[in-house]
Every structure is written in C-alpha cells, then in structure tokens.
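**Q**
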Amino acid sequence: MKTIFTKFSIIAIAVSTLIACNNDDDATPVVVEEPTCSDGIMNGDETGIDCGGSCMPCEMASNPGRRADLYVTNNTDGNITKYSVSGDSIVTYTTTSTAAEGIYYDAESDLLVQASRSGLMLDAYAGTSTLGTASINASFSTFTDLNSPRELAVSGDYYVVADNGENKFFVYYKVGNSFALYYTVEVPFPVWGIAFKGNDLYAVVDTTSDLAVYSDFIVNAMDGMMYPSKRVTIEGIVRTHGLTYDGTNDVMIMTDIGAASNATDDGGFHVISEFSTKFDALSDGEVLPVGMQTRIAGSSTMMGNPIDVAYDSETGAIYIAEVGNGKILGFTDWGDGGDISPSLEIDLATASSIYFSSDETDGNVGMSSMNQTTRLYTTSTADGTITVYDGSGAMVSMISSASASSEGIYYNAFDDALLLGSRSEGELQYYSDFSTLMSGGSATAAFAADLPTSSSREIAVYGNKVVVADNPANMFYVYSYNGSSFTLENTFDPGFPVWGITFKGGDLLAVVDTTSDLAIFEDFFSNTMDGALTPTKRVSIGGIVRTHGITYSAADDVLVMTDIGLAAGGALDGGINVIQDFSAVIEATADGGSISIADQNIIEGLSTLMNNPIDVAYDHKTKTVFVSDIATGAVLGFSNALSASGNIAPSVNNTLTSASSLYLYNN
Numbered sequence: 136m137k138t139i140f141t142k143f144s145i146i147a148i149a150v151s152t153l154i155a156c157n158n159d160d161d162a163t164p165v166v167v168e169e170p171t172c173s174d175g176i177m178n179g180d181e182t183g184i185d186c187g188g189s190c191m192p193c194e195m196a197s198n199p200g201r202r203a204d205l206y207v208t209n210n211t212d213g214n215i216t217k218y219s220v221s222g223d224s225i226v227t228y229t230t231t232s233t234a235a236e237g238i239y240y241d242a243e244s245d246l247l248v249q250a251s252r253s254g255l256m257l258d259a260y261a262g263t264s265t266l267g268t269a270s271i272n273a274s275f276s277t278f279t280d281l282n283s284p285r286e287l288a289v290s291g292d293y294y295v296v297a298d299n300g301e302n303k304f305f306v307y308y309k310v311g312n313s314f315a316l317y318y319t320v321e322v323p324f325p326v327w328g329i330a331f332k333g334n335d336l337y338a339v340v341d342t343t344s345d346l347a348v349y350s351d352f353i354v355n356a357m358d359g360m361m362y363p364s365k366r367v368t369i370e371g372i373v374r375t376h377g378l379t380y381d382g383t384n385d386v387m388i389m390t391d392i393g394a395a396s397n398a399t400d401d402g403g404f405h406v407i408s409e410f411s412t413k414f415d416a417l418s419d420g421e422v423l424p425v426g427m428q429t430r431i432a433g434s435s436t437m438m439g440n441p442i443d444v445a446y447d448s449e450t451g452a453i454y455i456a457e458v459g460n461g462k463i464l465g466f467t468d469w470g471d472g473g474d475i476s477p478s479l480e481i482d483l484a485t486a487s488s489i490y491f492s493s494d495e496t497d498g499n500v501g502m503s504s505m506n507q508t509t510r511l512y513t514t515s516t517a518d519g520t521i522t523v524y525d526g527s528g529a530m531v532s533m534i535s536s537a538s539a540s541s542e543g544i545y546y547n548a549f550d551d552a553l554l555l556g557s558r559s560e561g562e563l564q565y566y567s568d569f570s571t572l573m574s575g576g577s578a579t580a581a582f583a584a585d586l587p588t589s590s591s592r593e594i595a596v597y598g599n600k601v602v603v604a605d606n607p608a609n610m611f612y613v614y615s616y617n618g619s620s621f622t623l624e625n626t627f628d629p630g631f632p633v634w635g636i637t638f639k640g641g642d643l644l645a646v647v648d649t650t651s652d653l654a655i656f657e658d659f660f661s662n663t664m665d666g667a668l669t670p671t672k673r674v675s676i677g678g679i680v681r682t683h684g685i686t687y688s689a690a691d692d693v694l695v696m697t698d699i700g701l702a703a704g705g706a707l708d709g710g711i712n713v714i715q716d717f718s719a720v721i722e723a724t725a726d727g728g729s730i731s732i733a734d735q736n737i738i739e740g741l742s743t744l745m746n747n748p749i750d751v752a753y754d755h756k757t758k759t760v761f762v763s764d765i766a767t768g769a770v771l772g773f774s775n776a777l778s779a780s781g782n783i784a785p786s787v788n789n790t791l792t793s794a795s796s797l798y799l800y801n802n
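Residue numbers for the sequence shown, in my numbering: 136 to 802.
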C-alpha cells in the first residue's frame with residue numbers, strides 16, 4: 136500500500152469493499168470529524184459506521200464504534216496495513232522492511248510487532264494507536280536470528296516465530312523493551328502457520344493437509360529437535376498454510392492454498408467448530424473427516440492462495456490474507472460453506488500475515504487439550520475376545536464379541552465404536568457404544584459386512600474408509616461406513632501376499648508376506664478402478680527374515696515392522712525393526728532398493744520372548760513398542776524402543792492366548 140492514497144486508489148478500495156460511498160476529488164486523505172459510512176477515506180480516525188447505508192456489512196461491525204482492527208503484512212514493501220473494520224478506515228505504517236510476514240498487536244501495551252523477512256528479525260513498534268498514516272521506526276528488535284519467517288504466535292511475553300528456512304520455531308521472551316532468544320526449536324516437518332490454544336501450540340504441516348500440536352509448548356520447549364504431541368490429517372485440504380483459533384466459540388480455521396502452481400482460484404478455508412471435542416477425540420495419525428468441517432472454496436471466493444486467516448468471534452467474520460490475488464477478503468455469511476463471494480475486498484499486493492484485534496477478542500485463546508487417554512485394543516484367534524490395556528500394559532477390560540476368531544481391530548472415538556475383523560464369521564463387524572461395556576461382558580455387533588473370503592489379517596482405517604487385508608486371496612477390500620452399514624467400494628489385487636497394513640497420511644503401507652519387503656501405495660484412495668494395483672514403491676528392510684506386522688507414528692515419524700523369523704515356529708527368533716525419520720529414509724530409498732540395518736533400531740534375541748510377533752503398535756508418548764506374539768501367546772511391550780536395542784527383556788508381558796492384532800488409541 137502507498138502511504139498517500141490517490142483518488143484512484145480510494146475509488147479502487149471503495150469498489151472492492153462493495154462500498155457505495157462518495158469520494159473527494161482531492162488526492163489528499165480527508166479527516167472527517169463525524170465519520171459515517173459515506174466517508175470513504177481510510178484515515179484511521181473513524182469511530183463508527185452507518186449500517187443504514189451500503190458501506191460495510193453490518194454483521195462485520197455489529198457494535199459500531201468498537202475497536203475492531205485488522206493488521207496485515209505484505210511481501211512487496213514490508214509496510215503494515217491497519218484496517219479498522221468498525222470505523223471503515225485504513226492507515227499504512229511505512230517500515231524499514233521491504234518484506235514481512237508475521238504480525239501481532241498488544242492493545243494493553245499498545246505494541247505492534249512484525250516479523251521482517253528482509254531484516255530477518257522481530258521489530259516492535261510502540262504507541263502506534265494514536266498514529267495515522269506515517270513512517271515508523273522500531274522501538275526495539277531482536278538480533279538477525281531468522282532465516283525465513285512465516286508466522287508469529289504469542290503467549291504472554293513469549294513470542295514464537297515459525298521459520299520455514301530451516302523449519303524452526305524461534306522462541307523469544309519479551310523483557311521490558313527488549314527481546315531475548317529463549318530457545319531455537321527444530322521441527323521435523325515444513326512449518327508455516329502457528330497459533331496458541333491455551334498453552335498448546337498448533338502448527339500446520341506445510342506441503343500437506345496435516346495439523347500438529349505441541350502440548351504445553353513453552354514449558355517443554357528446548358533447543359534442538361522437538362516432535363509434536365500429535366499430528367492428524369484434515370480431510371479435504373490440499374495444502375494448508377494459515378490457521379487461527381478462537382477460544383470463545385471453540386473454532387479452528389485453516390486455509391487451503393490448493394496447488395502451489397495455481398495462485399488464482401483453487402484456494403479455500405475450513406472452519407472446524409467444536410474443535411476441542413473433535414481434535415481431542417482423534418488418535419495420532421488419524422483423519423478429521425471433511426463432513427465434520429465447513430469448507431468455503433470456489434471461484435466466487437477470490438481465493439487462489441489464502442496464506443493466512445483471522446477471525447472475529449464477536450461478529451463471526453472471517454478475514455483472509457490472499458497473497459495470490461493480492462487482497463484482503465472478509466466473509467460473513469459462510470454458515471453452510473460453498474462457493475460464496477466475500478463481503479469485504481481490499482486490494483493489497485502480496486498480502487501475507489493477518490491479525491485481528493478487538494477488546495472483545497484479544498487473548499481468547501481458550502484452554503489446552505484435556506482428557507488424554509492411551510488404550511491398547513487386542514484380538515485373539517482363539518476365542519474372539521477383545522482385551523483392552525492401558526498405556527502401561529495393565530488390563531482395563533475383557534469383552535466377549537460375536538466372533539470366535541478375530542484379526543484386525545480399530546477403535547473410533549467419535550462414534551465410540553469398535554471395528555473388528557472376524558475370521559470365524561467372515562465378517563467386518565461394528566460394535567457401538569463400546570466404552571459403556573463392563574469388563575467381563577459381551578457385545579453384539581450393531582451391523583456387519585460379509586467379507587469375500589474369511590481370512591482377514593489386518594484392517595487400516597482412514598476417515599470413513601476401511602481397508603481389509605485378506606491373505607487367502609491376497610486382496611485389499613475397501614469399505615466405507617456411516618454408523619449404520621458398511622459398503623464395499625473397491626477390490627484391489629496388489630500382486631503379492633498380504634498381511635499387515637497401515638496408513639501414513641493418505642498413503643497405504645503394506646508388508647509383503649513371506650519376504651522382508653515393504654510396499655507403498657501413494658494417495659491410495661485416488662485408485663477407484665477394481666483390479667490389479669501396483670505399488671508406487673517397494674523396498675526391502677535389512678535384517679528382517681519375514682515380516683507380518685506394521686505401524687506408523689505420524690507424531691514421531693517412526694515406522695515399526697515385525698520379523699517373525701521362520702514361520703515354522705518353535706524358536707524365539709522374532710524381532711521388531713524400528714525406523715526413525717522414516718519420511719526422509721524412504722524418500723532416499725529407490726524403488727527396488729533396501730533400507731539398511733544402519734538406519735534401524737532392532738530388538739531381537741532370546742530375552743525378548745518373541746517367537747512370532749504377528750502385529751505391532753507404537754506409543755509415541757512413552758516410546759514403547761507393543762507386539763502381539765501369536766506363538767508365545769502374549770502381548771509384550773518394549774520401552775525406550777527408539778534407543779534400546781538388541782537382546783532385551785520386555786517391560787510388559789501379558790498372557791493372551793493366540794494374540795493377533797493390536798490397535799493403539801492415543802489421543
């Protein structure tokens with residue numbers, strides 16, 4: 136934005152904001168003593184609007200005269216644009232930066248803070264509230280610590296900068312009129328938008344549709360690598376960048392920039408209401424279904440690359456910094472989502488970060504996540520009983536099912552439902568209200584689907600889709616479910632013997648039975664035609680004789696596979712192979728290549744008591760690996776599995792005859 140508004144720029148703003156206002160012919164901004172909607176001059180002195188006119192949607196300013204300000208950065212000239220929503224005014228603060236991203240305003244101390252991409256520092260500007268359009272100098276700054284700042288989140292006197300140059304969080308502590316670098320946190324994924332919810336820091340995972348959280352971030356922050364407390368997928372988003380959270384309405388909003396190559400019309404944003412309930416119910420690596428969100432997208436929205444988002448809980452208005460089309464956009468009537476036009480449109484070249492500030496909404500970051508639970512659900516091929524353990528391995532309950540032999544299990548916390556692969560009945564079974572069942576009781580399946588064959592080995596769930604690995608026919612059967620029925624969607628032949636399967640985002644990872652191989656089917660659900668399905672990549676895992684079980688942790692980026700050794704049994708020749716930084720390792724491994732023993736942590740030997748570890752689960756909170764050993768008849772747990780290796784004794788040893796599948800729910 137220019138610091139002086141010409142007649143042309145005033146008209147452009149008036150048109151783009153859908154304002155039918157009179158503009159002075161004078162090129163100099165005019166100060167109006169009694170501001171009204173018809174003012175049309177963005178000079179920062181307004182205190183109210185006339186909603187009787189057509190200037191501003193009244194729902195954006197339901198309390199005329201309230202302080203309701205948008206602060207926006209840009210990557211064209213580094214200046215700060217302040218737009219008064221209720222006052223219908225714009226002022227521009229000219230800074231020494233030439234590009235900026237990351238903005239925050241502290242109304243109590245009248246301190247405006249911007250992350251300078253050109254200066255590679257945080258700049259703090261004091262006393263801006265009394266200024267109109269003006270050139271401002273930083274009152275104080277950090278050192279030039281930054282590399283490529285993208286977003287700023289504030290908790291008390293702690294200022295966190297997400298920097299995607301090296302994927303780090305720079306944590307500063309404000310002491311009086313100075314910043315001190317508190318910690319430099321390394322992040323194991325590409326970063327962009329960040330926001331606090333209580334003491335928890337939420338971060339988008341750039342290049343994906345994922346959302347990660349760092350619980351009690353400031354207390355746990357440290358120099359060096361920090362893995363998130365949980366990472367989940369937000370279904371329906373192509374690639375996310377911006378996010379904001381409001382504790383008053385418990386709403387999380389995330390932007391979707393679509394394809395990076397299209398900066399014109401494929402963007403959008405997702406509104407997640409009742410966010411705490413939904414997010415807290417998800418286990419690490421799970422999917423928040425698009426049906427539990429409201430999506431606003433389409434050509435009418437003018438969004439091509441919505442880089443950041445802000446929210447006014449007082450009016451329900453959502454504001455977007457649209458870098459692709461160079462605009463500030465506002466949406467009011469977005470309730471049902473869809474392809475809707477913005478209520479507010481202001482031109483701002485390369486608009487980057489956006490922050491909303493008002494007396495009603497400042498500091499409404501809500502509360503941290505509560506009621507975290509770890510439960511290990513297990514099956515048996517001996518009697519179909521479902522046995523549940525807590526994170527320490529202590530038994531919580533035993534429930535008799537409508538199956539006499541089971542393999543493949545999953546717990547859905549949204550619906551309090553348990554999905555079970557029944558080998559005896561040849562069914563995929565659904566048990567509702569599972570947590571209400573008392574230990575020692577029995578459960579009746581609410582509904583079921585017939586499996587084409589009767590030898591399910593594992594199930595993997597992505598949103599409302601269930602994949603069953605069945606090894607007599609060596610097929611993948613894909614079902615959808617809606618709480619009242621299963622529907623067979625697809626039947627795929629992967630061309631190899633199947634057993635364990637798991638999801639890594641939208642990619643299906645599958646063991647190749649009778650071998651040491653791992654097969655990867657990228658973007659699995661993009662396949663819609665029944666028949667042969669060729670893996671995107673197939674690699675061998677060094678050190679494994681024959682693999683069966685597999686699991687992936689999104690939070691820790693850890694893959695664990697089991698080695699059953701010789702299928703004949705009788706010897707304690709089983710083991711588990713742990714691969715840390717799996718994303719980087721698998722990317723560096725060519726199709727047909729091998730992941731070396733040097734890239735793994737292997738637990739095996741007589742002391743492990745592993746004979747035929749048929750399935751595996753991983754607790755990222757305690758770094759414990761659980762296995763079900765069908766030959767030994769036990770559920771075993773190995774603590775410190777990322778560092779402990781070799782011939783070690785299990786820390787958990789629970790007898791379970793013909794133990795088969797495991798599922799760890801860990802929210």
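C-beta: ideal position from N, C-alpha, C; glycine also.
These figures come from a predicted structure and were not determined experimentally.
#1: What do you get for Asp-258, buried or exposed, if any count of 16 or more other CB atoms within 10 angstroms of its CB means buried?
#2: Which whole-angstrom value is the C-beta distance of Ile-521 and Ile-534, which I expect to be below 8 Å?
#3: Please confirm whether Val-693 and Ser-651 have their CB atoms less than 8 Å apart.
#4: Indicate the three-state DSSP secondary structure (helix, strand or coil) for Asn-355 in the structure shown.
#5: Along the chain, where does the alpha helix (DSSP H) that runs through Ala-416 open and close?
#6: Who are the Cβ neighbours of Tyr-317 in its own chain at under 8 Å, not counting the five residues just before and after it?
#7: Could you tell me whether the stretch 671–685 touches the stretch 639–648, using the rule of 3 or more Cβ pairs below 8 Å?
#8: Suppose the cutoff is 7 Å on Cβ atoms and the five residues either side in sequence are ignored; what does the same chain contact list for Asn-775 look like?
#9: For Ala-432, list the residues DSSP reports as bridge partners.
#10: With distances taken from CA atoms, which of Met-360, Leu-417 and Gln-428 is nearest Ile-388?
#11: Do the stretch 499–518 and the stretch 211–230 touch if we need at least three Cβ pairs shorter than 8 Å?
#12: How should Met-110 be labelled, buried or exposed, when 16 other C-beta atoms within 10 angstroms of its C-beta is the threshold for buried?
#13: Can you tell me whether Leu-694 is helix, strand or coil according to DSSP?
#14: Within the continuous alpha helix (DSSP H) that includes Ile-721, where are the two ends?
#15: With distance defined between alpha-carbon atoms, name the residue in Thr-268, Trp-327, Pro-748 and Phe-491 nearest to Val-207.
#16: Going by DSSP in three states, Asp-734 sits in which element: helix, strand or coil?
#17: Count the other CB atoms, across all protein chains shown, that sit within 10 Å of the CB of Ser-661; report buried if there are 16 or more and exposed otherwise.
#18: Per DSSP, which residues does Gln-249 bridge with? Please list them.
#19: Looking at Leu-653 and Asp-676, is the spacing between their C-beta atoms short of 8 Å?
#20: Determine, using beta carbons only, whether Gly-451 and Ala-398 come nearer to each other than 8 Å.
#21: What are the start and end residues of the beta strand (DSSP E) that includes Ile-455?
#22: If you count every other CB in all the chains shown that lies within 10 Å of the CB of Asn-801, and 16 or more means buried, which is it?
#23: Quick test of your reading: Gly-393 and Gly-328, contact by CB under 8 Å. State the CB separation rounded to the nearest angstrom.
#24: In three-state terms, what does DSSP make of Met-389?
#25: Excluding sequence positions up to five away, which residues of its chain have a Cβ less than 6 Å from the Cβ of Thr-663?
#26: Among residues of its own chain, excluding the 5 on either side of Val-531, which ones have a beta-carbon nearer than 8 Å to its beta-carbon?
#27: If you check the beta carbons only, do Ala-690 and Pro-363 fall under 8 Å apart?
#28: I'd like the ranges of any beta strand (DSSP E) spanning at least 3 consecutive residues and lying wholly in the stretch 464–548.
#29: Can you tell me whether Ser-264 is helix, strand or coil according to DSSP?
#30: Let me confirm a value: Glu-301 is counted as buried when at least 16 other C-beta atoms fall within 10 Å, else exposed. Which label applies?
#31: For Thr-622, count the other beta carbons within 10 Å of its own beta carbon; 16 or more makes it buried, fewer makes it exposed. Which is it?
#32: Return the CA-CA distance between Met-696 and Gln-715, expressed in angstroms with no decimal places.
#33: Go ahead and pull the three-state DSSP assignment for Leu-741.
#34: Whole angstroms are fine: how far does the CA of Ile-489 sit from the CA of Ala-416?
#35: What does the Cβ neighbour count give for Gln-507, buried or exposed, with the cut at 16 atoms within 10 Å?
#36: Could you pull the DSSP bridge partners for Asp-754 from this structure?
**A** Put simply:
#1: Working through the sequence shown from its first residue, we reach residue 258 at position 123. A residue is called buried when at least 16 other Cβ atoms come within 10 angstroms of its Cβ; Asp-258 meets this threshold and is buried.
#2: By 1-based counting over the sequence shown, the position of residue 521 is 386. By 1-based counting over the sequence shown, the position of residue 534 is 399. The Cβ separation is near 5 Å, so the contact holds.
#3: Taking the first residue of the sequence shown as position 1, residue 693 is located at position 558. Taking the first residue of the sequence shown as position 1, residue 651 is located at position 516. Result no, Cβ atoms of Val-693 and Ser-651 do not sit closer than 8 Å.
#4: Numbered from its first residue, the sequence shown carries residue 355 at position 220. Three-state result, Asn-355: helix.
#5: For this step, residue 416 is matched to residue 281 along the sequence shown. Run containing Ala-416: 410–416, per the alpha helix (DSSP H) assignment.
#6: As a first step, residue 317 must be located in the sequence shown, where it is residue number 182. Taken in chain order, the residues that qualify are Tyr-293, Val-306, Tyr-307, Tyr-308 and Ala-356.
#7: Touching, yes.
#8: Sequence index remark: in the sequence shown, residue 775 carries index 640 (1-based). For Asn-775, where only same-chain residues beyond five positions count, the Cβ hits under 7 Å are Lys-758.
#9: Numbered from its first residue, the sequence shown carries residue 432 at position 297. Paired residue(s): Gly-403.
#10: Within the sequence shown, residue 388 is the residue found at index 253, counting from 1. The alpha carbon of Ile-388 has as its nearest neighbour, out of Met-360, Leu-417 and Gln-428, the alpha carbon of Gln-428.
#11: Segments in contact, no.
#12: As shown, the chain starts at 136 and ends at 802. That puts residue 110 outside it, with no answer to give.
#13: Locating residue 694 in the sequence shown gives position 559, counting from the first residue. DSSP places Leu-694 in the strand class (E or B) of the three-state scheme.
#14: Residue 721 sits at position 586 when you count from the first residue of the sequence shown. Judged by DSSP secondary structure, Ile-721 falls within the alpha helix (DSSP H) whose first and last residues are 717–722.
#15: The count along the sequence shown starts at 1 and reaches residue 207 at position 72. Closest by alpha carbon: Phe-491.
#16: If you number the sequence shown from 1, residue 734 lands on position 599. Looking at Asp-734 - three-state DSSP - the assignment turns out to be helix.
#17: Position 526 of the sequence shown, counted from the start, is the residue given in the question as residue 661. Looking at its Cβ environment, which holds fewer than 16 other Cβ atoms inside 10 Å, Ser-661 is exposed.
#18: Here residue 249 refers to the residue found at position 114 when the sequence shown is read from its first residue. In the DSSP output, where bridge partners are listed per residue, Gln-249 has Ile-238 and Asp-258.
#19: Within the sequence shown, the letter at position 541 stands for residue 676. Within the sequence shown, the letter at position 518 stands for residue 653. At residue 676 the sequence reads Ile, which differs from the Asp that was named. With contacts defined by Cβ atoms closer than 8 Å, Ile-676 and Leu-653 form a contacting pair.
#20: In the sequence shown, counting from the first residue as 1, residue 451 sits at position 316. In the sequence shown, counting from the first residue as 1, residue 398 sits at position 263. Cβ atoms of Gly-451 and Ala-398: not closer than 8 Å.
#21: As a position in the sequence shown, residue 455 is number 320, starting the count at 1. If you look at Ile-455, you'll find it in the beta strand (DSSP E) that goes 452–457.
#22: To locate residue 801, count along the sequence shown from 1; it is residue 666. Asn-801 counts as buried, since at least 16 other C-beta atoms from the protein chains shown sit within 10 angstroms of its C-beta.
#23: The sequence position of residue 393 within the sequence shown is 258, counting from 1. The sequence position of residue 328 within the sequence shown is 193, counting from 1. The C-beta separation of Gly-393 from Gly-328 comes to about 16 Å, leaving the pair out of contact by the 8 Å criterion.
#24: Along the sequence shown, one-based indexing puts residue 389 at 254. Strand, per DSSP.
#25: Numbered from 1 along the sequence shown, position 528 holds the residue referred to as residue 663. So no residue of the chain qualifies.
#26: Locating residue 531 in the sequence shown gives position 396, counting from the first residue. Once the five neighbours on either side are set aside, the close Cβ partners of Val-531 are Arg-510, Val-523, Tyr-524, Asp-525 and Ser-574.
#27: Taking the sequence shown and counting its residues from 1, one reaches residue 690 at position 555. Taking the sequence shown and counting its residues from 1, one reaches residue 363 at position 228. Cβ atoms of Ala-690 and Pro-363: closer than 8 Å.
#28: Listed in chain order, the complete beta strand (DSSP E) runs (minimum 3 residues) inside the stretch 464–548 are 479–482, 486–493, 509–515, 521–525, 530–534 and 541–547.
#29: On the sequence shown, position 129 is the one that residue 264 refers to. Of the three classes helix, strand and coil, the one that applies to Ser-264 here is helix, per DSSP.
#30: What you label residue 301 is simply residue 166 of the sequence shown in a count that begins at 1. The residue is exposed, with fewer than 16 neighbouring Cβ atoms inside 10 Å.
#31: Taking the first residue of the sequence shown as 1, we reach residue 622 at position 487. So Thr-622 ends up on the exposed side.
#32: Counting from 1 along the sequence shown, the entry for residue 696 is found at position 561. Counting from 1 along the sequence shown, the entry for residue 715 is found at position 580. When rounded, the distance between both Cα atoms is 12 Å.
#33: Here residue 741 corresponds to residue number 606 of the sequence shown, with the count starting at 1. Correct three-state label for Leu-741: helix.
#34: Along the sequence shown, read from residue 1 onward, the residue named residue 416 stands at position 281. Along the sequence shown, read from residue 1 onward, the residue named residue 489 stands at position 354. Note on geometry: alpha-carbon atoms of Ala-416 and Ile-489 lie some 30 Å from one another.
#35: Taking the first residue of the sequence shown as 1, we reach residue 507 at position 372. Counting Cβ neighbours within 10 Å, Gln-507 comes out exposed, since fewer than 16 surround it.
#36: Here the question's residue 754 lines up with position 619 in the sequence shown. Per DSSP, Thr-759.
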